[in-house]
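Below: the structure, in structure tokens.
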Amino acid sequence: MKSGFRSEEEGQTSDVIVYQIIGSEDQTLPYSLTIIDTPGLGGTSGVEHDVKTNQQLLELFQSREGVHELHAVGLVMKESENQPSDRLKYIFDSLMSLFGKNLEKSIIALITHSNGRSPKNVLQLLESANIKCAENEMNQPVHFLFNNCQDEDRTEDTELSIEHAWRVTQRGMTQFTAFLDKSSPLQLEAMLEEQREQIRLTACIQNLKDRIRFTELKQRDINEAKEALCKYESQIKKDQKFIIDILEVYKEVEGITNPMCKLGFEAAICCLVCQENCHYPGCTKVLTPQQCEVMREGKCTSCTRKCPAAAHVKQNWKYVIRTKKDQKTKKAIQQKYDQNQTMSLNKLSLSQSLENEMKHLTAEKSQLVDEAYRHFIKLEQITQNEDSVSAYVHLDFLMKKMKDKGHQGKLRELQEIDSRMDERTRAELQHRRESVSTKHEDLISASVLIQPGPPAVYQLRTKKKMFGSLSRRTVGEKDKTKTNKTILLVGETGTGKSTLINALFNHTMGVKFEDEVWFQVVEEEEKNSQTESRTSDVIVYQIFGFEGQTLPYSLTIIDTPGFGSTRGSQEDVLVSQRLFDLFRSEEGVHEIHAVGLVMKASMNRVNERLKYIFDSVMSLFGKDLEKNIVALITHSNGNPPINVLQALEAAGIQCAKDEKNQPVYFLFDNQQKTQRGSTEINKIGSKYSWDFSNEHMGCLTDFLENSNSQPLITTVEVLKKRIRLKACTQNLQERIKLIELKQTEIKQIQEALSKHEEEMKKSEKLTVEVDEVYKDTEDIKGGMWGLVFFEAAVTCPICEENCHYPGCTMAWKPSHCEVMKRGRCTVCTKKCPASDHVKENWKYVTKTRKVQKTMEDVKQKYEKSRAEHENKSSLLENLELEAKQLTTEKSQLLDEAYQHVIRLEQIALKVNSLSTSAHLNFLIEKMKENGDTEKVQILEALKSRMS
């Protein structure tokens, strides 16, 4: 009797085959023989092929014409096996998971290609792999030896070896058939019920996972609706018909492209009432839903309502969860969630409706997770090994959900099951994923389709979090035990940074060309003009949960706006400040593994704008980061980027070097999401493009893996120094302005003394008009951003000076401000303690006012001793002395700023940035006025190197 077929393309049996040997009883054996041959489990066909084999065995045992008892299960191994490979262990576990635990005494080892000697290696293999078998009187696995050479041609040279092979095989076969003769038959009725229960539980858990996912996406929709309503609250108040973009999760049907469906009856059992998949994958050769294992007493054990079998269909399609963008008014959103409420006398507000719906979904999800947990524990109890396919594929999912719920007891129980799993089996099963069509289903269901395929392009919905003006977008959940790598991307507007980030994400999660899908993690923003950059701010992308699939680490990508964009150099300075905020924030980034300079392959010279981009960013980092800077060349055709490398060298761009002393670079063509043509030539071109970029992406991720992290201690020092420099220079300019205004006031008094010398001899009541200098306060824009940022001015009431404004964003109080060092201010005149400072939404301003002063007033202000009150000349001397003191103070302030610039140049790769350039120009001008030729030459040389 045969059941199944042999594939011509595969070197292994592709279906279950039953061989029956009848009519030879009492000739050699006292019984007839039935042999069940299974496909090579763990082969190249994948996990679904193994599930199919398990199903076919069950159908064989269930069939009226099938097999209803077993005497032995033979594990066939080569004698040369000396260590349990991942595949071999997987084969054993998959087979044993089919049978109840009472089958253990019937499992034996059949060792092929044997020379007749004791198979010590194989026996040690079985022990180390914890393979559970029948044991002999020596407590060893029961085993029989076979040579497999009986059918070879006999020659004079092979005669002896073939005779030996016959003796080995005959002895093994005699022992084996004797074992069968003595074995008690295992009735399969109990085992069949266990198998049916196993299938039911597996189908139920898969159904519950789908329902949990659907519930979570509904919760996401509510949260996004809340955020949108809050964001547009003022517009909605003005216009009740104001349209809001929201997300909506829904279900649709999708054809099953799995090759298994070609056999005719293998499809999905679906409930039309609940719109759920009740048994998929795994339902094989039943003709109707009524015959499916998930049905019990005419009702489904899987779907939500436990509907009658008659409400189900078996077709070559399944239900899938999808997300779409929709536009609704506030009233339409209210109507949607009102339908979900129970009848109430009091009409609830929209916020109450959303809150109630969220509570309902949370309770529903909790129930579903608990139900899935109970099914899993029961499933684990009835399988032979805890690491069987049916149990393992759900374990990680349940552990995560129990962790989310805070169910420590259940989580520990699941973790204990996980710890008992053999690492080799875990690695093999991790490598052998389910079919391509379902591999990315969770991501697809939560994403919005923006372009049909192939490849189908989906906009991924990330978890967004703002901390201050910075944005973090996260995919997956962080595992603190796993390694993380960080890369910072910088480049001119339009070089393709966003496309590169998307490519990094797809590579990280293992998207392949054959998947015909592409994910965009960077959201496409609407441009106010065609000349603006796509990226609007510093954004941190975190990619978790895919460790071990393509990369051994998770990935953090820092995306910066296109430096040198049309928004101007002031925006570039702001980006530098925000990078500093990112590096020193508790929630920010504290180490970096690579800085990617993104350039187009068509670039043949580093123009002033591009040079400014690189120098502006590299000026943020200490010299110890140089070996981590690489060139990422986009829009490449694969040819060596000779022009780009020459341009980098000519511009003096400092970066990592390869063994040829050339800049380290990687090439990308930015075409992965381009629609693939239908012709063979187009398909070949698309595949080449994909493979080319994917190969270089692999090289880049290898570079990241081997790169030593650079803690941002030096970088933070550079950035703090820049902030202090900027704050000191700003304070310096204000103090110099004050000094120059005081000098003007003194000059006015001196001129009045000369002009009215005779009148003053007669009367000290004579008045003169002067521009009196004074300090006032002025309100500024600022305030708190979330829990991290507080923009205001740090001021010193003692010195009446602004110590840090603008730019103080993260310090909640003056003692935390960057201008404070060892508890004292590095900026204000008297270097006052931090405790003497305040941080408020106002600043000091220097003003002048016209006043009338008598000579007596002037004397009281400028004369130093009572004896000089009668002497007009002493007043002039005091005025001159005051002017000299102001000049000296001005010179000291200039020297202080000069030392800041020199220190910054010593610790930074580059000092070229807008703020540094502005400070240099100011210092050069003032040093020239001061006559300090040597320092002017040094500053001008520094400025020359920058240009």
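Position in the sequence shown counted from 1, then plus 293, gives you our numbering.
Even for Gly, the Cβ is constructed at its ideal location relative to N, Cα and C.
N-terminal and C-terminal residue of the beta strand (DSSP E) that L580 is part of: Premise fails: L580 is in no beta strand (DSSP E) and is neither H nor E.
Under 8 Å: do the stretch 922 to 930 and the stretch 965 to 974 share three or more Cβ pairs, one atom per stretch? no
Give the C-beta separation of Q349 and V309 to the nearest angstrom, bearing in mind that I take them to be a contact with Cβ-Cβ under 8 Å. 4 Å
In the structure shown, what three-state DSSP assignment does G784 receive? strand
Comparing alpha-carbon positions, which option in E650, F839 and K756 lies nearest D772? F839
Buried or exposed: which applies to Y543, given that a residue is buried once 16 or more other Cβ atoms fall within 10 Å of its Cβ? exposed
If you follow the beta strand (DSSP E) that C564 is part of, which residue opens it and which one closes it? A561 to C564
Flag M370 as yes if its beta-carbon sits less than 7 Å from any beta-carbon of chain B, otherwise no. The chain inventory of the structure shown lacks chain B, comprising one protein chain alone.
Would you call the stretch 396 to 405 and the stretch 427 to 439 in contact, with 3 or more CB pairs under 8 Å? yes
Under 7 Å between C-beta atoms of N1134 and I1073: yes
Residues near K703 in its chain [Cβ-Cβ closer than 8 Å; skip 5 each side]: Y666 and M695
Beta-carbon proximity check, V882 vs A944, cutoff 7 Å: no
Residue of L501, P1107 and T1180 minimising C-alpha distance to K1030: T1180
Are the CB atoms of K371 and E397 within a distance shorter than 7 Å? no
Pick helix, strand or coil for Y630, following the three-state DSSP scheme. helix
Going by the CB atoms, is the gap between L416 and Q433 shorter than 7 Å? yes
Look up H928 in the DSSP assignment and say whether it is helix, strand or coil. coil
Taking one C-beta from the stretch 599 to 616 and one from the stretch 564 to 574 each time, how about it: are there three or more such pairs within less than 8 Å? yes
Can you tell me whether DSSP reads V815 as helix, strand or coil? coil
So what's R766 in DSSP terms, helix, strand or just coil? strand
Measure the C-alpha to C-alpha separation of G1224 and M896 and round it to an integer number of angstroms. 44 Å
Consult DSSP for V686 and reduce its assignment to one of helix, strand or coil. helix
With H, G and I counted as helix, E and B as strand and the rest as coil, what does DSSP make of K1074? coil
Name the one or two DSSP bridge partners that C593 has. M588
Which residue from A1234, W983, R1017 and H800 puts its Cα closest to that of A733? The sequence given here places His at residue 733; Ala does not occur at that position. Comparing Cα positions, the closest option is H800.
Please confirm whether I549 and N609 have their CB atoms less than 7 Å apart. yes
Roughly how many angstroms lie between the CA atoms of R726 and H989, to the nearest whole one? Annotation note: pLDDT 44 at R726 (below 50); position unreliable, no value reported.
Let me confirm a value: T874 is counted as buried when at least 16 other C-beta atoms fall within 10 Å, else exposed. Which label applies? Reading the sequence as shown, one finds Asp at residue 874 and not Thr. Buried, since its Cβ has 16 or more Cβ neighbours within 10 Å.
Out of N375, D330, L368 and V369, which has the shortest C-alpha to C-alpha gap to V360? D330
Give every residue of the same chain whose Cβ lies closer than 6 Å to the Cβ of N1241, excluding the five residues on either side of it in the sequence, and list them in chain order. What the structure shows of the chain is the stretch from 294 to 1240, and residue 1241 is not part of that stretch, so it cannot be assessed.
If you draw a straight line from the alpha carbon of I328 to that of D474, how long is it in whole angstroms? 14 Å
Assigned secondary structure, G889 (DSSP; H/G/I helix, E/B strand, else coil): strand
L1172 to Q1153, Cα distance in whole Å? 12 Å
Please tell me whether I498 and H700 are closer than 7 Å, where the distance is taken between their beta carbons. no
Count the other CB atoms, across all protein chains shown, that sit within 10 Å of the CB of S411; report buried if there are 16 or more and exposed otherwise. exposed
In or out: S595 buried (at least 16 other Cβ within 10 Å) or exposed? buried
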